[in-house]
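*Asks:*
Chains as they are written, first to last, in the numbering used here: chain L, 5 to 534; chain R, 48 to 309; chain B, 367 to 545.
Okay, here's the thing in structure tokens:
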């Protein structure tokens with residue numbers, strides 16, 4: 005195995021070949037690639053579930069699946085997308101880019117890095133296998149409230165709990181690795197304040213992960229003992245409280261949604277300055293805003309519980325704290341716009357996805373603010389309004405940022421420019437389809453359609469059909485992306501320069517394209533200061 | 048390439064028009080028939096217009112920049128990358144807007160919380176997958192089962208009007224009286240939601256939650272369970288029938304006579 | 367990698383791992399903390415199971431309407447009701463309310479009653495000196511039982527609380543009783 009001593013010259017090759025290389029690798033680029041491949045496989049699996057869901061919802065009545073199967077599909081769609089796609093894909097980007105961006109030779113704990121990755125296919129297999137067990141897989145929503153997920157849940161739930169534990173361990177180890185790498189392995193001249201924003205977002209995200217993934221672990225363990233060992237954490241009969249489950253879950257769950265958006269903010273903060281050929285506006289306040297958002301994310305969890313009968317004082321506190329998050333988030337949006345304003349703009353795929361992110365994530369933010377108002381939330385909660393809200397922040401939000409990152413850094417990873425024309429197709433079809441799919445959901449919610457239902461009242465048919473068509477088009481458009489990435493990995497397309505993009509800044513652009521197997525064996529000579 | 052960028056503008060305009068057309072129709076939150084539902088609607092519309100206003104400004108600036116500040120048009124990038132004054136302004140102004148929104152929201156929230164001095168109290172129990180209503184001061188209680196058939200669900204016969212929104216026994220209530228709801232569940236967490244009454248509350252097994260409404264117009268108001276509760280979650284509707292006091296009293300005597308024939 | 371960096375990496379990693387473990391313990395600590403917090407503030411409407419001393423004076427200037435609501439959970443074959451639906455109570459006044467339970471099954475069973483009080487801000491002012499929810503209740507097959515709750519409302523109850531609901535859920539505890 006290679007260690008940091010670099011007995012080879014800079015840019016040497018992996019020591020093993022074939023399958024064994026990938027199983028035993030401790031190289032951050034290899035591990036990053038594996039995370040990315042795994043997560044995109046999961047994106048298509050979760051997406052396939054969504055296609056079945058939307059096919060069933062195309063018309064009222066039950067045409068394709070039974071209600072219990074539908075509940076399982078919606079549950080698995082959520083679990084796979086969150087734990088199988090969006091979290092691992094950001095870890096993959098972190099693995100590839102953090103060492104390159106801070107001038108480090110690798111991550112701080114390379115073997116733990118390997119274990120963190122390989123836990124994922126194991127956990128994913130266990131989770132997906134529950135769908136084929138007696139009684140079916142998890143069917144209680146990705147939020148798995150008790151007692152639906154304890155007393156009334158299928159037998160496979162204990163395996164679901166085990167999978168969640170494995171996913172959590174992987175995440176925590178990855179987060180520890182990120183923090184140690186960032187604190188200990190930066191190029192000597194790089195102070196924390198000089199770090200790229202993407203690295204900042206991952207530093208904060210990693211702390212969030214360490215704070216809340218263990219709470220999830222504790223919660224599912226309590227579920228396990230309630231189910232199998234006679235405890236009554238969430239069972240009123242034994243002196244427990246189902247609402248306690250919700251407090252525990254959402255104490256994890258709210259920071260979790262910031263875990264899956266903060267790295268997206270970081271990506272957009274890297275891409276926009278490059279294609280605007282202008283420095284990020286308000287760098288310092290961007291960092292303060294990130295820290296405020298992360299702090300606030302810990303004290304708003306009960307805004308997911310406004311209908312559970314919270315006492316007045318608690319309701320007021322959580323309403324105000326939730327509204328407050330709009331302030332630092334707004335600052336970030338304004339700063340991105342100010343970066344674009346009076347720049348010298350070009351619109352390659354990374355920029356298209358980032359600009360769409362700013363507009364469409366903001367729309368998701370607006371509906372979030374509407375949801376914060378408790379009296380209005382009486383009419384929004386558990387309806388398609390909420391489904392529209394979170395899909396806006398996750399799909400044209402997080403996912404678009406991921407696409408931006410992929411197009412932005414793919415030439416650095418593969419040494420070849422991706423097909424820009426096809427990428428623009430991918431963008432435009434996705435951008436139109438994503439709005440066609442998720443915008444009408446707000447109206448469905450306002451009109452009275454609850455969420456997590458396989459069948460609905462007749463007046464909801466038209467919009468459901470529009471949504472389903474949009475979803476099918478969106479799903480199909482991702483095949484274009486798959487083709488583009490595979491072609492770039494196969495070495496098709498013009499060779500990329502080291503700099504790749506005219507307006508790019510940062511250490512990752514000082515190494516060759518494709519990036520050599522080992523980089524920054526020696527710290528970089530020059531670091532940009534802020 | 049200019050054409051493609053304008054396409055995006057067109058799209059946003061289209062969505063806005065589509066959106067506003069929809070808002071005039073049944074696709075918006077209803078004003079409803081209770082004072083609380085009307086407050087909820089007005090809060091919703093106010094926040095909506097605030098967001099539209101902010102959106103127009105922010106997206107307007109972006110759109111302007113996308114059109115005018117392109118490299119292909121020869122625009123050269125400016126150098127500015129910070130401005131403390133501006134940052135303070137766009138931190139303070141949103142903060143003020145939020146405080147302005149919080150005031151009416153808090154007022155309605157406090158009103159929602161006060162279930163005292165009710166004229167009628169109903170104990171509502173969620174079951175998998177139907178509801179039970181108990182008129183606590185009247186010694187009358189009954190189950191309310193969905194009446195949509197399996198044949199309709201499986202597309203073997205045509206779906207009737209109010210598909211998935213009809214029950215065998217309506218919850219009948221008098222208008223212009225304060226109705227207090229006491230909720231619980233017999234199994235998992237359900238949620239009782241009637242759109243036009245502006246009432247939604249989770250029903251928690253072993254615990255009690257409360258809500259209230261004053262219905263101002265006679266009529267039939269349909270709702271649904273709003274918390275995933277298993278296979279039948281989509282199939283446990285709620286139907287409230289509000290009657291004038293005389294009609295309600297008549298209905299009440301008739302129901303009691305049926306349940307306790309003497 | 368220099369040995370010094372490696373050591374520092376492992377040390378920092380150990381600190382972070384300990385923090386993660388601490389958060390796990392925090393999750394479990396939430397359980398008793400939640401109960402304590404709820405007892406203090408009445409948030410989850412459960413109220414204390416602590417026996418209390420009798421009050422000394424009655425505040426006749428105000429009266430509070432207390433409603434009693436019962437529910438038999440699941441498909442337990444018992445009946446459970448009270449004759450008195452609603453009571454007017456002065457703060458400090460001790461009241462006794464009777465409840466009736468009937469086991470409609472042929473076999474002996476036991477039930478656990480769980481009491482909750484609404485609204486939350488009134489919960490900690492309801493003091494029960496005697497309540498059938500304090501213990502498991504055994505009833506032979508086809509037999510019935512009369513049970514009582516003796517309670518008073520603390521004088522310090524805020525002025526804006528004028529009504530209370532005392533809600534009892536009956537759970538089947540037969541299996542639990544056997545172990």
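Where a beta carbon is used, it is the ideal one built from N, C-alpha and C, also for glycine.
(1) Could you name each continuous beta strand (DSSP E) segment of 3 residues or more that falls completely within the stretch 61-104 of chain L, going from the start of the chain to the end?
(2) With burial defined as no fewer than 16 other Cβ atoms inside 10 Å of the residue's Cβ, what is the status of residue 452 (chain B): buried or exposed?
(3) Spell out a yes or no on whether the stretch 163-171 of chain L and the stretch 125-132 of chain L are touching, meaning 3 or more CB-CB pairs, one atom from each, closer than 8 angstroms.
(4) So for residue 237 (chain R), helix, strand or coil by DSSP?
(5) At a Cβ cut of 8 angstroms, what residues of the stretch 65-94 of chain L count as close to chain R, listed as they run along the chain?
(6) Of all the CB atoms in chain B, is at least one closer than 8 angstroms to the CB of residue 223 (chain L)?
(7) Give the interface partners of residue 210 (chain R) over in chain L, defined as CB-CB distance under 7 angstroms, in chain order.
(8) Starting from the beta carbon of residue 184 (chain R), find every residue of chain B whose beta carbon is closer than 8 angstroms, and list them in chain order.
(9) Give the C-beta separation of residue 492 (chain L) and residue 420 (chain L) to the nearest angstrom, bearing in mind that I take them to be a contact with Cβ-Cβ under 8 angstroms.
(10) Quick check: is the beta carbon of residue 289 (chain L) nearer than 8 angstroms to any beta carbon in chain R?
(11) Quick one: what does DSSP say residue 419 (chain L) is sitting in, helix, strand or coil?
(12) For residue 269 (chain R), name the three-state secondary structure that DSSP assigns.
(13) Does the pairing of the stretch 343-355 of chain L with the stretch 405-423 of chain L give three or more beta-carbon distances under 8 angstroms?
(14) Using a cut-off of 9 angstroms between C-beta atoms, extract the partners of residue 3 (chain L) located in chain R.
(15) With respect to the beta strand (DSSP E) encompassing residue 521 (chain L), which residues constitute its N-terminal and C-terminal limits?
(16) Compare the Cα-Cα distances from residue 247 (chain R) to each of L:26, L:93 and L:312 and report the closest residue.
(17) With residue 376 (chain L) and residue 326 (chain L) assumed to form a contact (beta carbons below 8 angstroms), what rounded beta-carbon distance in angstroms separates them?
(18) Considering only DSSP beta bridges, list what residue 260 (chain R) is partnered with.
(19) Note down, in chain order, every chain R residue with its Cβ under 9 angstroms from the Cβ of residue 435 (chain B).
(20) Helix, strand or coil, according to DSSP, for residue 152 (chain L) in the structure here?
(21) Just to make sure I have the definition right: I need the residues of chain L whose C-beta is within less than 8 angstroms of the C-beta of residue 217 (chain R). Which are they?
(22) Does residue 173 (chain R) come within less than 8 angstroms of chain L when only Cβ atoms are used?
(23) With DSSP as the reference, identify every bridge partner of residue 178 (chain R), one or two as the case may be.
(24) Would you check if the distance between the CB atom of residue 237 (chain R) and the CB atom of residue 274 (chain R) is smaller than 8 angstroms?
(25) Whose C-alpha, out of R:81, R:91, R:232 and R:131, is nearest the C-alpha of residue 287 (chain L)?
(26) Ordered along the chain, which non-local residues of its own chain (more than five positions away) have a Cβ less than 6 angstroms from that of residue 535 (chain B)?
(27) What residues in the stretch 495-506 of chain B bring their beta carbon closer than 8 angstroms to a beta carbon of chain L?
(28) Closer than 8 angstroms by beta-carbon distance: list the chain B residues that pair up with residue 99 (chain L), in chain order.
(29) Using Cβ-Cβ distances below 8 angstroms, what residues of the stretch 186-198 of chain L are close to chain B?
(30) If we define contact as Cβ-Cβ less than 8 angstroms, is residue 277 (chain R) a contact residue for chain L?
(31) Tell me, please, which residues DSSP counts as bridged to residue 482 (chain B).
(32) Can you grab the Cα-Cα spacing for the pair residue 379 (chain L) / residue 483 (chain B), in whole Å?
(33) As a quick exercise: from L:468, L:40 and L:192, pick the residue whose alpha carbon is nearest that of residue 100 (chain L).
(34) Under 8 angstroms, Cβ to Cβ, is there at least one residue of chain L near residue 268 (chain R)?
(35) Tell me, please, whether the CB atom of residue 330 (chain L) is closer than 8 angstroms to any CB atom in chain R?
(36) Is the CB of residue 371 (chain B) under 8 angstroms away from at least one CB in chain L?
*Replies:* According to the structure data:
(1) none
(2) exposed
(3) yes
(4) strand
(5) 65, 66, 67, 70, 71, 72 and 75
(6) yes
(7) 64, 461 and 462
(8) 451 and 452
(9) 5 angstroms
(10) yes
(11) coil
(12) strand
(13) yes
(14) One cannot answer for residue 3 (chain L) here, as it falls past the ends of chain L, which runs 5 to 534.
(15) Segment: none, residue 521 (chain L) is in no beta strand (DSSP E) and carries neither H nor E.
(16) L:312
(17) 4 angstroms
(18) R:226
(19) 168, 170, 181, 183, 229, 231 and 255
(20) coil
(21) Within 8 angstroms Cβ-Cβ: nothing; residue 217 (chain R) doesn't reach chain L, min ~17 angstroms.
(22) no
(23) R:173 and R:191
(24) yes
(25) R:131
(26) 437, 439 and 480
(27) none
(28) Neighbours of residue 99 (chain L) on chain B: none; closest Cβ ~16 angstroms, over 8 angstroms.
(29) 187, 188 and 189
(30) yes
(31) B:533
(32) 24 angstroms
(33) L:40
(34) no
(35) yes
(36) yes
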